[in-house]
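*Asks:* Using our numbering, you'd call the opening residue of the sequence shown number 1154 and step up by one each time. For reference, the structure I am asking about is given below.
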Amino acid sequence: MAKPGTKAARLPELLAPAGSFEALTAAVAAGADAVYFGGKAFSARAGAENFDRDGLIRAIAYCREHGVKAHITANTLVLDRELSEWLSFGEFLWQAGADALICADLGAAAELARRLPEFPLHASTQAGVSDVGAADLAASLGFSRVVLSRELPLSDIRRISEEAKPETEIFLHGALCVSVSGQCLFSSLVGGRSGNRGRCAQPCRLPYESGYPLSLKDQCLAPFIPEILSSGVSSLKIEGRMRSPDYVYRVVSVYRRLLDEGRRAGRREMEELAACFSRSGFTSAYFTGADRGDMLGVRTGEDKAKTADTRSFPGEGTAARKENPVFPLRPLPATAGGPFTLPPARKGPRERRTSFCFTAPEQADAARPDASFGKCLSYLPVGAYLRAAGERGARPFGVSGVSLPAAFFEGEREELRRDLERAKLAGASRALVQSLGGLALARACGFEVDAGYRFNVTNTLTSQLLRRLGVREITLSPELTLPAARDVCRRVPASVVAYGRIPLMLLTRCLLRDAPGAGCAACESGRAQKAPYLLRDRTGALFPVLPEYRHRNLLLNSCPTYLGDRKKELSESQIDGAALLFFCESGETCASVLARYAAGEPLGGPVRRAGVRFAQTERAFDEKEKNRPERNRYGKSIRNRHGDLQHPPLRQGEGDPDPRAVRRGGRSARKPDPRGRRHGEDDARQNAGRQARLPSDPRRGRGGF
Ligand SMILES: [Zn+2]
């Protein structure tokens, strides 16, 4: 089933991380077929050393000299004002001889594909490709390879690799994010440091009241090499751009040996890998589809003791001294090199529009929007829609369509397709999609398609691309500030999230299964929907956990976003569309939120406003990285003997004493509620004022990266 010229008898590519030139030479010396690294901008690991333009030229030349492919990461989401720079960065990389560009921003990538049709583009795992439909759609946008979601089991990996048009890359070894990639806004909305922009503060590695329920062990697929070799996958990625050259050398060496010998790891190799880095062992539960009970882990003293002394590797230190060969620049085709300009602002009448995303039919019943909301659209999740339609024998009152889960896997696609067909027969005409896979599926089922706030739309190019693909309504990423949203809305009609506890994470491993007093019975019975389990962090902030599609969970923000009293500002910014999101609210609360929103009144209680000030927070972060002191406040070096940053000790209750952290993180607007608190359903709201704080020090909480 191999595609011509890509797979067949050849071994898949072993792809290694290179956070620095030293790590690059280590990867090459250990036998990597390809390496990936980022520039100073647009890299999803802004905390790694990364390369400036001269460094990139030198690193790419080093790879070419050694016959190793250089894949460059530019996989952050791009804002309108950055598009031009991003595109010229892509063209620079082409000229410098890069073998591929790894990107996540669909609109920017499609434009680069138009300019440089010969430049291979790889869809980053942030793009959330987890089924054949998404992979084929990515191919039609210009991607020659898709990096599959890390949560996929082998059966899905095999099927996508066999059936989809682009090559596939999977995640072989290294740290796992607990949230589906591209669906994590925790660090961004709570800490002001966007993971989608390469500045994750890793709140998943912090302690919560119930221990470390969000900290996953590192993935290790060394025991499954024969299965991987027969799966049709083209590339195997080792994660770790924040890890040391020594780590890279040793892990790559182990996998090189296993791949060449076509065998699974024995005890010796597993011990070797654990000695490089482990968090109480490894997991392969996503890949094998095994029980996910054993996936959690933190780095113990025993793990650290196992980490052996730094050993030198062949060629260490030589590369930096040696003069690298100079390769001629690759010429730009006629389609590239020109300036990039955004389309002119749109003209003509503007229309006020509001979309309502409900989770339960009672919410839709209770919410009766008046004329001030303009044109209204409302959605229920597919399952809830079908249940409501079945019970009532008709289309749920006032609901225009169904919302698709933000992530579904290849193995779930057929069932979801059947559900969508049934919903269509039961009167649903529109589908709100949150991913490439959802878009492909809803289009195939003949729905009118709208793109939701989890589609990560951050610029005009992506908005235009979606419109070309038939998408009607677009809700922008909740990470955008109003000025950034205005940049898009003046050219393409789009909405912003104006009310809702925005999901901070999408968890594939059900958090409720071992949560005290919850358990998976609560997800199945719907009890967890009505009275959500609350995850309490070390500052006391409470985050509701809501079951979603098939035991996936949404971790909701402790504090709702609200712009109902800022409607004038929205209108002045040419933002005519609003999305209102309802998760665990009762019908009564929905009605009251709508009433206040319509009247332009404050919500009552603390709320968070739109967006994350990237420029501000990123400058602060980058400054801190640059001026990072080498010693901590106790005078101890912050680096271990490998030269890596140390994991500082986490103490329960050790919060950020800086009171500005609240403003920075949650940007709470406290207004006394004149009517008093009326609804007892929101325990979380009572605690929402204690908006969670993430460490202001970028070193704190950064696991073992
Ligand atoms: Zn569950």
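The beta carbon of each residue, even a glycine, is placed where N, CA and C say it ideally should be. Since the model is a prediction, treat every value here as computed from it, not as a measurement.
Can you tell me whether Thr1494 is buried or exposed? The criterion is at least 16 other CB atoms within 10 Å of its CB, across all chains shown.
*Replies:* As a working mapping, residue 1494 is identified with position 341 in the sequence shown. Answer is exposed; the Cβ neighbour count stays below 16.
*Asks:* Distance cutoff 9 Å, beta carbons only. Does Ala1560 sit that close to anything in chain D?
*Replies:* Structure shown: chain D not included; a single protein chain is present.
*Asks:* Does the Cβ of Cys1676 lie closer than 8 Å to at least one heavy atom of ligand 1?
*Replies:* As a working note, residue 1676 is residue 523 in the sequence shown. Yes, the Cβ of Cys1676 comes within 8 Å of a heavy atom of ligand 1.
*Asks:* The alpha helix (DSSP H) spanning Ile1210 covers which residue range?
*Replies:* Counting from 1 along the sequence shown, the entry for residue 1210 is found at position 57. Unbroken alpha helix (DSSP H) run through Ile1210: Arg1206 to Glu1218.
*Asks:* For Lys1720, which option in Ala1732, Asn1710 and Leu1709 has the closest C-alpha, if you only look at C-alpha atoms?
*Replies:* As a first step, residue 1720 is located in the sequence shown; it is residue number 567 there, counting from the start. It is Ala1732 whose Cα lies nearest to the Cα of Lys1720.
*Asks:* Return the CA-CA distance between Ala1822 and Gly1753, expressed in angstroms with no decimal places.
*Replies:* Sequence index remark: in the sequence shown, residue 1822 carries index 669 (1-based). Sequence index remark: in the sequence shown, residue 1753 carries index 600 (1-based). Any answer about Ala1822 is weak, because its pLDDT of 39 lies below 50 and its placement is not dependable; what the coordinates show is given next. The alpha-carbon atoms of Ala1822 and Gly1753 are separated by roughly 15 Å.
*Asks:* Is Arg1445 near ligand 1, judged by its Cβ being under 8 Å from some heavy atom?
*Replies:* Numbered from its first residue, the sequence shown carries residue 1445 at position 292. False, no ligand heavy atom lies under 8 Å from that Cβ.
*Asks:* Quick one: what does DSSP say Lys1193 is sitting in, helix, strand or coil?
*Replies:* Along the sequence shown, read from residue 1 onward, the residue named residue 1193 stands at position 40. The answer is coil: DSSP assigns Lys1193 none of H, G, I, E or B.
*Asks:* Would you mind reading off the limits of the alpha helix (DSSP H) that contains Val1535?
*Replies:* Here residue 1535 corresponds to residue number 382 of the sequence shown, with the count starting at 1. Taken as a continuous stretch (DSSP letters only), the alpha helix (DSSP H) holding Val1535 covers Val1535 to Arg1545.
*Asks:* In the structure shown, what three-state DSSP assignment does Lys1500 receive?
*Replies:* By one-based count along the sequence shown, residue 1500 stands at place 347. Lys1500: coil per DSSP, three-state reduction.
*Asks:* State yes or no: is the C-beta of Arg1358 nearer than 8 Å to some heavy atom of ligand 1?
*Replies:* Within the sequence shown, residue 1358 is the residue found at index 205, counting from 1. No, Cβ of Arg1358 sits at least 8 Å from all heavy atoms of ligand 1.
*Asks:* Per DSSP, what are the beta-bridge partners of Arg1396 in this structure?
*Replies:* Counting from 1 along the sequence shown, the entry for residue 1396 is found at position 243. BP columns for Arg1396 are empty, so no partner.
*Asks:* Starting from Gln1372, follow its DSSP beta bridges and name the residues at the other end.
*Replies:* Position 219 of the sequence shown, counting from 1, holds the residue named residue 1372. According to DSSP, Gln1372 bridges with Gly1327 and Thr1436.
*Asks:* If you measure between the beta carbons of Pro1558 and Arg1403, is that distance less than 9 Å?
*Replies:* For the purposes of this step, residue 1558 is identified with residue 405 of the sequence shown, where counting begins at 1. For the purposes of this step, residue 1403 is identified with residue 250 of the sequence shown, where counting begins at 1. No, Cβ-Cβ distance for Pro1558 and Arg1403 is not below 9 Å.
*Asks:* Within 8 Å: the Cβ of Arg1666 and any heavy atom of ligand 1?
*Replies:* Here residue 1666 is taken as the residue at index 513 of the sequence shown, counted from 1. Checking every heavy atom of ligand 1 against the Cβ of Arg1666, one is found closer than 8 Å.
*Asks:* Nearer than 8 Å: is that true of the beta carbon of Pro1700 relative to any heavy atom of ligand 1?
*Replies:* For the purposes of this step, residue 1700 is taken as the residue at position 547 of the sequence shown. Flag set: Cβ of Pro1700 near ligand 1.
*Asks:* Is the closest heavy atom of ligand 1 to the C-beta of Cys1737 under 8 Å?
*Replies:* One-based indexing of the sequence shown puts residue 1737 at position 584. It does not: the Cβ of Cys1737 is nowhere closer than 8 Å to a heavy atom of ligand 1.
*Asks:* Please report how far the alpha carbon of Pro1165 lies from the alpha carbon of Ser1630, in whole angstroms.
*Replies:* Numbered from its first residue, the sequence shown carries residue 1165 at position 12. Numbered from its first residue, the sequence shown carries residue 1630 at position 477. Between Pro1165 and Ser1630, the C-alpha separation is close to 35 Å.
*Asks:* For Glu1754, which of helix, strand or coil comes out of DSSP?
*Replies:* Indexing the sequence shown from 1 puts residue 1754 at position 601. The answer is coil: DSSP assigns Glu1754 none of H, G, I, E or B.
*Asks:* With 16 as the cutoff for other CB atoms within 10 Å, does Glu1271 come out buried or exposed?
*Replies:* Residue mapping note: residue 1271 aligns to position 118 of the sequence shown, counting from 1. By the 10 Å Cβ count, Glu1271 comes out exposed.
*Asks:* Can you look up Leu1167 in the DSSP assignment and give me helix, strand or coil?
*Replies:* As a position in the sequence shown, residue 1167 is number 14, starting the count at 1. Three-state DSSP puts Leu1167 in a strand.
*Asks:* Closest to Ala1199 by C-alpha separation, out of Ala1227, Tyr1215, Ala1214 and Ala1183, would be which residue?
*Replies:* Taking the sequence shown and counting its residues from 1, one reaches residue 1199 at position 46. Among Ala1227, Tyr1215, Ala1214 and Ala1183, the Cα nearest to that of Ala1199 is on Ala1227.
*Asks:* Rounded to the nearest angstrom, what separates Pro1481 and Ser1383 at their Cα positions?
*Replies:* On the sequence shown, position 328 is the one that residue 1481 refers to. On the sequence shown, position 230 is the one that residue 1383 refers to. Cα-Cα distance, rounded: 39 Å.
*Asks:* Along the chain, which unbroken stretches of the alpha helix (DSSP H) at least 4 residues long are found entirely within the stretch 1598 to 1645?
*Replies:* Runs found: 1613 to 1621 and 1635 to 1642.
*Asks:* Return the Cβ separation of Glu1244 and Gly1490 in integer angstroms, given the expectation that the two are a contact with Cβ distance under 8 Å.
*Replies:* Taking the sequence shown and counting its residues from 1, the one referred to as residue 1244 is at position 91. Taking the sequence shown and counting its residues from 1, the one referred to as residue 1490 is at position 337. Their Cβ separation, rounded to whole angstroms, is 6 Å, which keeps Glu1244 and Gly1490 in contact under 8 Å.
*Asks:* Is it true that the CB of Leu1659 sits closer than 9 Å to the CB of Val1698?
*Replies:* The residue labelled residue 1698 in the question sits at position 545 within the sequence shown. The residue labelled residue 1659 in the question sits at position 506 within the sequence shown. Not closer than 9 Å, so no.
*Asks:* Within 8 Å, do at least three Cβ pairs link the stretch 1536 to 1554 to the stretch 1514 to 1526?
*Replies:* At 8 Å Cβ cutoff, the stretches touch.
*Asks:* Where in the stretch 1223 to 1298 do unbroken runs of the alpha helix (DSSP H), each at least 4 residues long, occur, reported from the N-terminal end onward?
*Replies:* You should have 1236 to 1249, 1259 to 1268 and 1285 to 1294.
*Asks:* Answer yes or no: the CB of His1219 versus the heavy atoms of ligand 1, is any distance below 8 Å?
*Replies:* Within the sequence shown, numbered from 1, the residue matching residue 1219 stands at position 66. Answer for His1219: no, Cβ out of range of ligand 1.
*Asks:* Rounded to the nearest angstrom, how far is the Cβ of Arg1689 from that of Tyr1361, given a contact under 8 Å?
*Replies:* Locating residue 1689 in the sequence shown gives position 536, counting from the first residue. Locating residue 1361 in the sequence shown gives position 208, counting from the first residue. Arg1689 to Tyr1361, Cβ: 6 Å. Contact.
*Asks:* Using the C-alpha atoms, what's the distance from Ala1751 back to Ser1525?
*Replies:* Counting from one through the sequence shown, the residue named residue 1525 turns up at place 372. Counting from one through the sequence shown, the residue named residue 1751 turns up at place 598. Looking at the two C-alpha atoms, the distance is approximately 6 Å.
*Asks:* DSSP puts Tyr1686 in a beta bridge; with which residues?
*Replies:* Along the sequence shown, read from residue 1 onward, the residue named residue 1686 stands at position 533. DSSP, once it has assigned bridges, lists Val1698 as partnering Tyr1686.
*Asks:* Let me check you understand the geometry: is the CB of His1326 closer than 8 Å to at least one non-hydrogen atom of ligand 1?
*Replies:* Taking the first residue of the sequence shown as position 1, residue 1326 is located at position 173. Because no heavy atom of ligand 1 lies under 8 Å away, the Cβ of His1326 does not count as near it: no.
*Asks:* How about Cys1663: is its Cβ closer than 8 Å to a heavy atom in ligand 1?
*Replies:* Working through the sequence shown from its first residue, we reach residue 1663 at position 510. Yes, Cβ of Cys1663 sits closer than 8 Å to a heavy atom of ligand 1.
*Asks:* Please determine whether the Cβ atom of Cys1673 lies at a distance below 8 Å from any heavy atom of ligand 1.
*Replies:* Along the sequence shown, read from residue 1 onward, the residue named residue 1673 stands at position 520. Because some heavy atom of ligand 1 lies under 8 Å away, the Cβ of Cys1673 counts as near it: yes.
*Asks:* Taking C-beta to C-beta, are Cys1743 and Arg1654 nearer than 9 Å?
*Replies:* On the sequence shown, residue 1743 is found 590 positions in, with the first residue counted as 1. On the sequence shown, residue 1654 is found 501 positions in, with the first residue counted as 1. Not a contact, by the Cβ cut-off of 9 Å.
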